[in-house]
Amino acid sequence: MREFYMKRCFSILAMMVLLCFARGTNVSGNEDNINASDGIYGNWAIEMPSGATGWLTLKKVDGVPQGELWTVGGGKKLLDLAVVDGSGCSFKRMIRVGAPEYVGGPPTGERLKIHHEGKLLEDRLVIKYSLPGGAVNGYEGKRIERLPTRPNLDLLKFGKPVTLFNGTDLKGWKPVNSEQKNGWEAVDGELRNTTPKTDFSQYSRFGNLQTSTDFTDFNLKIDFKVPRGGNSGIYLRGLYEIQVVDRDSRMQGIQGVGSVFGRISASNNSGKAGGEWNTYDITLVDRHVTVVLNDEKVIDNQPIEGCTNGALQPFDDLPGPIYLQGDHTSVAYRNIVLTPIVSTHRDDSKIAVMETAFNKRADASSFEDARKAGYNAIQMHSGMPAGKRIKKIDPSFNLELATDAKVIERWKEESLKHQVKVISLCAGSLNKCEIWGADRELAMRIAKQTIDACEALGVEVMLFPFFGPSKFQTGDETISGVADFMTELLPYAKSKKVVIGIEAPVTTKRVVELLSRLDYPEHLKIYYDTGNLYPLEDIYESISMYGRQHFCQVHIKPCEAAVVGDGKIDLAKLAAALDEAQYDGWLVYEAGKGGKEPVRNRKKIQKIDSLRTQLKVTE
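In the working numbering, each residue's number is its place in the sequence shown (first place is 1) plus 1.
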C-alpha cells in the first residue's frame with residue numbers, strides 16, 4: 002500500500018532518508034530490555050538539511066540485533082544488519098536514487114541496495130552511505146526519549162480558545178512548501194483545497210498548508226468534508242497525522258478515518274459518507290492522543306509511538322504547527338478552534354511525597370509507588386547503610402548515590418519512566434552520626450556526597466535533619482556547633498548550586514538565630530515540618546512570620562492521626578498562614594505515626610494547596 006500514501010516533497014537525498022529511517026513495528030520473538038546506557042540500541046530521530054524526517058529503531062530480540070525503518074503504515078527490516086561493540090552498525094536498504102520528474106515528486110530509476118554505516122558518538126548516531134559513482138553522504142540522529150506515562154485528563158487546565166481560521170482569508174496560515182502549487186482558498190467560511198487529483202496515486206504537484214504558529218499541548222476542534230473516495234489529513238504539531246477520509250474509503254483500520262495514520266487504529270468507524278461534514282475533537286498531551294469523531298471516542302488517551310510519514314520534523318519534544326494535507330484530493334475544513342493546555346497533572350501543583358510513605362529509603366522503586374499514589378514529585382533519601390535500627394554508621398560508609406554512576410542512572414530512568422520529579426534529597430544517614438564528636442569527618446563526607454548527588458540529579462534542595470545523636474538543642478553550644486559545621490559545608494553547597502534545608506525539633510525563632518550567624522541566605526534555609534513543630538510553637542504564626550524569607554520546603558505530617566486534617570492542625574488556618582507568608586513552594590507529605598496513607602493524604606494536602614490558591618485569587 003505504500004505507493005498510495007506518500008505525502009511530502011523531497012529531494013533525492015531526502016527521499017532516501019524517508020524510506021530508510023524510522024521507528025518500527027513489531028518483530029517476532031522476545032524483545033530484550035534496552036535503555037539509554039545500551040549504546041547504539043534504541044530509537045533515533047533523523048533530520049536532513051533538506052527537511053526530510055527519518056526514524057530508526059535498533060533492538061535485540063532473543064539476543065539477536067534487529068532493526069527497522071519506518072515507512073508508510075509500518076516498519077521495514079534492515080537488511081544485513083550488524084552491530085559492532087554496541088557502538089557501531091551497518092545495514093543495507095533497497096531505494097531508488099534517480100532524479101524526480103517534478104519538484105516534490107518521487108525518485109525514479111532502478112531500486113538499488115545501498116550500504117549504510119553507523120557510529121555512536123556521545124549522544125549522536127552518525128550514519129554515512131555511498132551512492133553510485135562514489136559520492137558519500139551523511140547525517141546525524143538524536144535519541145528518542147521513552148514515552149511518558151499516561152496523563153490524567155481530568156486534571157488538565159485549558160487556556161483561552163484560539164480561532165485558527167477566520168473564514169474569510171488565509172491569515173495565520175502558510176504553505177509547507179512554497180515551490181508547490183497552492184490549491185487552498187477561503188470560500189463561504191470554508192478552508193478549501195481544490196486539486197484535479199481524484200485517485201490514490203503517490204504524489205500531487207499541489208502543496209500542504211500549515212499554521213504560522215507552533216503549539217505544544219492542546220485540544221483541537223475541526224470540521225472536515227471530503228468527496229467520496231477523498232483523502233487528506235490533519236497533522237498535530239506537524240508530527241502525527243489524524244486521517245481524513247470518508248467512512249466508505251478503501252482505507253480502513255490503521256489507515257481509516259479516526260486513526261492516527263499507520264500508528265493507532267480507531268476503535269470503530271464513526272465517519273460519515275463522502276460529501277458530508279464530520280467533526281473531530283482531538284486532545285494531544287505530550288505523546289498521548291484522544292480522538293472523538295462525530296461524538297464517538299475512537300482513540301482513548303493512547304500513546305503515539307512515533308511520527309507518521311509526512312512529519313515536518315522528527316523530534317517529539319518540540320512544539321509544531323497544525324498542518325493540513327493538500328497534496329492529495331480536494332477537501333474542505335471549517336470551525337477550526339484550538340484551545341491550549343496550560344497545565345497538566347505533572348506540573349499542576351506543588352504536592353510531593355517523601356518515600357518513607359512507602360516504607361522505603363533510597364529505593365528506585367519509590368518512583369513507581371509515587372506515581373501509583375497520584376504524585377508527580379517525590380523527596381528521596383540519599384541513602385542509608387545496610388541493616389535495620391542501626392544506631393551508628395561505620396566510618397567507611399559512602400553513599401552509593403554519589404559514588405556509583407549506575408545508581409544515578411537508574412534513578413533518572415525511573416524518574417523519566419514514571420514522570421515523577423525528585424524535588425529534594427534527605428540525608429537521613431546524618432541522623433546516625435555524632436556530628437559534634439568523632440563523626441564530624443564522616444558527617445561532612447556524607448553531606449558533601451549528598452550535595453554531589455543533588456547536582457547529578459538536578460535537585461535543588463538537600464534536607465539536613467538534626468535528630469538522633471546530633472539532635473539540635475536550644476543551647477548556645479549546639480548553635481555554635483551547627484554554625485561551625487555549616488561554615489565549612491556552605492561554600493561547597495554554593496559551588497554546586499544546592500540549598501541546604503535544616504530540619505530540627507526546636508522553635509523556628511531559634512533556627513533563625515542560627516541563620517543570622519551565617520552569610521549564605523540563598524543556600525541555607527529552614528525545612529519546616531508542621532508535625533514536628535506544632536507542639537512547640539504556634540505554627541500558623543511562625544509560618545506567617547518566617548515562611549517567605551526562610552523556608553525552602555514544607556513537610557506536612559499527620560503525626561497523631563493517620564490522615565492529614567484529622568488531627569489538631571487546622572487545614573484552613575495552615576493554608577491562610579502559607580498565603581500570608583507568600584509561600585508557594587512544595588508541600589511534601591511525610592508519613593508520621595500511623596500516617597502511611599499516601600493517597601488519602603495527597604487529597605488532603607491538595608485541599609491545602611487549593612485553599613492557598615483560592616486565597617491568592619481573591620486578594
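Cβ atoms here follow ideal geometry from the backbone N, Cα and C, with glycine treated the same way.
Note that the coordinates shown come from a computational prediction; the quantities given were computed from them, not determined experimentally.
- Per the C-alpha coordinates, the member of 211, 496 and 194 positioned closest to residue 227 is 194.
- Sorting 359, 225 and 317 by C-alpha distance to the C-alpha of residue 337 places 225 at the top.
- As for any beta strand (DSSP E) of minimum length 3 sitting wholly inside the region 252 to 296, the runs are 279 to 286 and 289 to 294, ordered along the chain.
- In the DSSP assignment, residue 533 falls within the unbroken alpha helix (DSSP H) covering 531 to 534.
- Within 10 angstroms of the beta-carbon of residue 453 lie 16 or more other beta-carbons, which makes it buried.
- Between the region 359 to 373 and the region 258 to 266 there are fewer than three C-beta pairs closer than 8 Å, too few to call the two in contact.
- The count of Cβ pairs closer than 8 Å, one atom from the region 181 to 195 and one from the region 240 to 255, stays below three, leaving the stretches out of contact.
- Per DSSP, the unbroken alpha helix (DSSP H) holding residue 480 starts and ends at 477 to 496.
- Out of 605, 87 and 461, the CA that lies nearest to the CA of residue 123 is found in 87.
- Residue 362 and residue 268 have their C-alpha atoms some 43 Å from each other.
- For residue 223, the CB contacts under 7 Å within the same chain, skipping 5 residues up- and downstream, are 235, 281, 334, 336 and 337 in chain order.
- Closest by C-alpha distance to residue 192, out of 460, 327 and 427, is 327.
- By the CB criterion at 8 Å, residue 315 and residue 55 fall inside the cutoff.
- At a Cβ-Cβ threshold of 8 Å, residue 501 and residue 465 count as neighbours.
- The beta carbons of residue 150 and residue 382 sit about 23 Å from each other, so the pair does not count as a contact at 8 Å.
- Non-local C-beta neighbours of residue 583 in its own chain, meaning closer than 8 Å and more than five positions away in sequence, comprise 548 and 549, ordered along the chain.
- When 516, 137, 284 and 526 are compared, the shortest CA-CA separation from residue 155 is found for 284.
- By the beta-carbon neighbour count (other beta carbons within 10 angstroms, threshold 16), residue 366 is exposed.
- About 7 Å separates the beta carbons of residue 80 and residue 114, which is inside the 8 Å limit, making them a contact pair.
- Annotated three-state conformation of residue 570 is coil, per DSSP.
- Counting only runs of at least 3 residues, the region 379 to 453 fully encloses the following beta strand (DSSP E) elements, listed from N- to C-terminal order: 422 to 427.
- Looking only at 599, 427 and 375, the smallest Cα-Cα distance to residue 400 is reached by 427.
- Contact between residue 142 and residue 125 holds, since their C-beta atoms are separated by about 7 Å, short of 8 Å.
- Counting C-beta pairs closer than 8 Å gives three or more between the region 553 to 560 and the region 519 to 532, which meets the contact rule.
- As DSSP reads the structure, residue 471 sits in no beta bridge.
- For residue 365, no alpha helix (DSSP H) encloses it, and the DSSP letter there is neither H nor E.
- Looking at the backbone, the Cα of residue 246 and that of residue 291 are separated by about 18 Å.
- Non-local beta-carbon contacts of residue 603 in its own chain, meaning distances under 8 Å to residues more than five positions away in sequence, involve 352, 354, 374, 375, 376 and 590 in chain order.
- Look at residue 564 here: in three-state DSSP terms it is coil, with no helix or strand label.
- Shown here, residue 229 sits in coil according to DSSP, grouped into three states, outside any helix or strand.
- Here residue 515 is not near residue 448, since their CB atoms are 8 Å or more apart.
- For the beta strand (DSSP E) assignment, the uninterrupted runs of no fewer than 3 residues enclosed by the region 76 to 148 are, from N- to C-terminal side, 76 to 78, 80 to 85, 89 to 99, 109 to 122, 125 to 131 and 137 to 144.
- Sequence-distant partners of residue 118 (beyond 5 residues in either direction) whose C-beta falls short of 6 Å from its own C-beta, in its chain, are 91 and 129.
- Annotated as proximal: residue 310 and residue 263, with beta-carbon spacing under 8 Å.
- The beta carbons of residue 163 and residue 208 sit no closer together than 8 Å.
- Residue 600 carries a helical assignment under DSSP once its states are collapsed to helix, strand and coil.
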